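Peer 1: Numbering (mature numbering (1 follows the signal peptide of the UniProt record, and there is no 0)) for the sequence shown: -26 to -1, 1 to 300.
No residue lacks a Cβ here, since even glycine has one placed at the ideal position from N, Cα and C.
Keep in mind it's a predicted model, so treat the numbers as computed, not measured.
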Amino acid sequence: MFNGRTLLRSLLVGATVAVVVAPACAAHADPTAAEIQAQIDDGNRKVELVVEQYNKVNGDLTVTQTALADLDAKLRPLQAKMEAAQVNVEQVAVSAYKTGSNLRTLSVVLGAGSSDHFVDQLGTLRQISHNQLVELDTFKTAKHAYDAERQRLDGLLAAQQAQKTELETRRKQIEADIARLDALQDKVNAATAAAAQKPPAASPPATKPPAVSGAAGKAVSYAWAQLGKKYVWGAAGPNSFDCSGLTMMAWKAAGVTLPHNAAQQWQKVRHISRSQLAPGDLVFYNGLGHVGIYIGNNQIIHAPNSRTVVKVAPIDVDPLYGYGRP
């Protein structure tokens, strides 16, 4: 029979179940060391991609600015000829005015509001020699071509500067991400140390570089000499590096020019298979967001991220993209 005592017992049992179940549902377990490490690795890949985009824009800006300077240099002699011819025409005009032989000459010269308008009017001046007209016409043609190219390069420069500004604006976000990853890394280290009940062991110091001959040997020796130097994004030595800055300078020491960008380095090197790898070859990672230099024995030297320094690492340290030989 269902009485008051039975009802009370049922309520007590139900309350006990609720107390046990409710905390289990509300509790949120801390991420494991493996989960935190996965977040760090993902953050590193994202940061590296932005860094390499920044490096590419800087390189593109340099190329465009050089092209503009070259364009100005090519126009300068033509401009000098144009100015000399214009002075000659003005002298002719003054002479015509003094003698009264051709007042139209003077009106054409004085009425020219610009160099282009001046050149356009010169066909009417009989006092100007054929050679002068040819020179002025050559200048006019070159000037029009210059103006068109200048307009194209100015537009390109503006777009590249806007892109660089956008990437620089993202610097704060990158630095915030780095700070967050630093905190996560501290958590991983603390968890690892607690689990082992001793501080994390440091990697044994390297003693000497591998013996490699030729240009590849020079590149490897340069990279080896940078071990322990700080990672700084956009840097290419002498005291700090990012990943493509390190590989660029290593191969520059061997007499080979590479751009300061992992994706552009990939475009310049000869692609090889893993079985063909030899010291000095470049190893690309993370969808061309990272690059290191192979030193043999399934190891690379690379500049990983701002939380560490240039160091030796296993070749499979990140998701592999491909292999190239400068």
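Measure the C-alpha to C-alpha separation of Ala(-1) and Ala164 and round it to an integer number of angstroms.
Peer 2: Looking up residue -1 in the sequence shown gives position 26. Looking up residue 164 in the sequence shown gives position 190. Residue confidence for Ala(-1) is low, a pLDDT of 39 falling below 50, so the modelled location carries little weight; the figure read from the coordinates is stated next. Rounded to the nearest angstrom, the two C-alpha atoms are 26 Å apart.
Peer 1: Is Ala43 helix, strand or coil when you go by DSSP?
Peer 2: Taking the sequence shown and counting its residues from 1, one reaches residue 43 at position 69. In the structure shown, Ala43 sits in a helix (DSSP, three-state: H, G or I).
Peer 1: Among the candidates Ala8, Val31, Lys285, Arg124, whose CA atom is the shortest distance from the CA of Lys48?
Peer 2: Looking up residue 48 in the sequence shown gives position 74. Out of Ala8, Val31, Lys285, Arg124, Arg124 has the C-alpha closest to the C-alpha of Lys48.
Peer 1: Can you tell me the Cβ-Cβ gap for Pro30 and Ala277, rounded? I've got them flagged as a contact below 8 Å.
Peer 2: Position 56 of the sequence shown, counted from the first residue, corresponds to residue 30. Position 303 of the sequence shown, counted from the first residue, corresponds to residue 277. This sequence places Lys at residue 30; Pro is not what is there. Not confirmed; about 17 Å, so no contact.
Peer 1: Could you check if Pro179 is buried or exposed, using at least 16 other CB atoms within 10 Å of its CB as the buried criterion?
Peer 2: For the purposes of this step, residue 179 is identified with residue 205 of the sequence shown, where counting begins at 1. Here Pro179 scores only 45 on pLDDT, less than 50, and its place in the model should not be relied on; the value that follows carries that caveat. Pro179 is exposed by the Cβ-count criterion.
Peer 1: Assuming Val194 is part of the beta strand (DSSP E), what are its boundary residues?
Peer 2: Position 220 of the sequence shown, counting from 1, holds the residue named residue 194. Looking at the DSSP string, Val194 is not in any beta strand (DSSP E); the run it does join, the alpha helix (DSSP H), is 188 to 199.
Peer 1: Any idea which residues DSSP pairs Arg299 with across the strands?
Peer 2: As a first step, residue 299 is located in the sequence shown; it is residue number 325 there, counting from the start. Arg299 is bridged to Arg244.
Peer 1: Val284 and Ile275 look like a contact to me (Cβ under 8 Å); what is the Cβ gap, rounded to whole Å?
Peer 2: Start at 1 with the first residue of the sequence shown, and residue 284 comes out as number 310. Start at 1 with the first residue of the sequence shown, and residue 275 comes out as number 301. Their Cβ separation, rounded to whole angstroms, is 7 Å, which keeps Val284 and Ile275 in contact under 8 Å.
Peer 1: Return the first residue and the last residue of the alpha helix (DSSP H) that Gly219 is part of.
Peer 2: One-based indexing of the sequence shown puts residue 219 at position 245. Run containing Gly219: 217 to 226, per the alpha helix (DSSP H) assignment.
Peer 1: Could you check where the beta strand (DSSP E) with Ala287 kicks off and where it finishes?
Peer 2: The count along the sequence shown starts at 1 and reaches residue 287 at position 313. Element bounds for Ala287: 285 to 288.
Peer 1: Just verifying my parser: in three-state terms, what is the DSSP assignment at Ser280?
Peer 2: Position 306 of the sequence shown, counting from 1, holds the residue named residue 280. Note: Ser280 maps to coil in three-state DSSP.
Peer 1: His118 by DSSP, collapsed to three states: which one?
Peer 2: For this step, residue 118 is matched to residue 144 along the sequence shown. Three-state result, His118: helix.
Peer 1: Using 8 Å for Cβ pairs, my map puts His234 next to Ser214. What's the rounded Cβ distance?
Peer 2: For the purposes of this step, residue 234 is taken as residue 260 along the sequence shown, with counting starting at 1. For the purposes of this step, residue 214 is taken as residue 240 along the sequence shown, with counting starting at 1. 13 Å between Cβ atoms; not a contact.
Peer 1: Based on DSSP bridge pairs, tell me the residues matched to Lys204.
Peer 2: The sequence position of residue 204 within the sequence shown is 230, counting from 1. According to DSSP, which records beta bridges pairwise, Lys204 is partnered with Ser214, Val283.
Peer 1: Ignore the nearest five residues each way along the sequence and tell me which others in Asn32's own chain have a CB closer than 6 Å to its CB.
Peer 2: Counted from its first residue, the sequence shown places residue 32 at position 58. Same-chain partners within the cutoff: there are none.
Peer 1: Check whether the Cβ atoms of Pro253 and Val186 sit closer than 8 Å, and answer yes or no.
Peer 2: Walking along the sequence shown from the start, residue 253 turns up at place 279. Walking along the sequence shown from the start, residue 186 turns up at place 212. Yes, the pair counts as a contact, with Cβ atoms nearer than the cut-off.
Peer 1: Rounded to the nearest angstrom, what separates Glu142 and Ala132 at their Cα positions?
Peer 2: For the purposes of this step, residue 142 is identified with residue 168 of the sequence shown, where counting begins at 1. For the purposes of this step, residue 132 is identified with residue 158 of the sequence shown, where counting begins at 1. For Glu142 and Ala132, the distance between alpha carbons rounds to 15 Å.
Peer 1: For the 8 Å Cβ check, are there 3 or more pairs between the segment 240 to 255 and the segment 201 to 209?
Peer 2: The segment 240 to 255, when compared against the segment 201 to 209, does not touch it at the 8 Å Cβ threshold.
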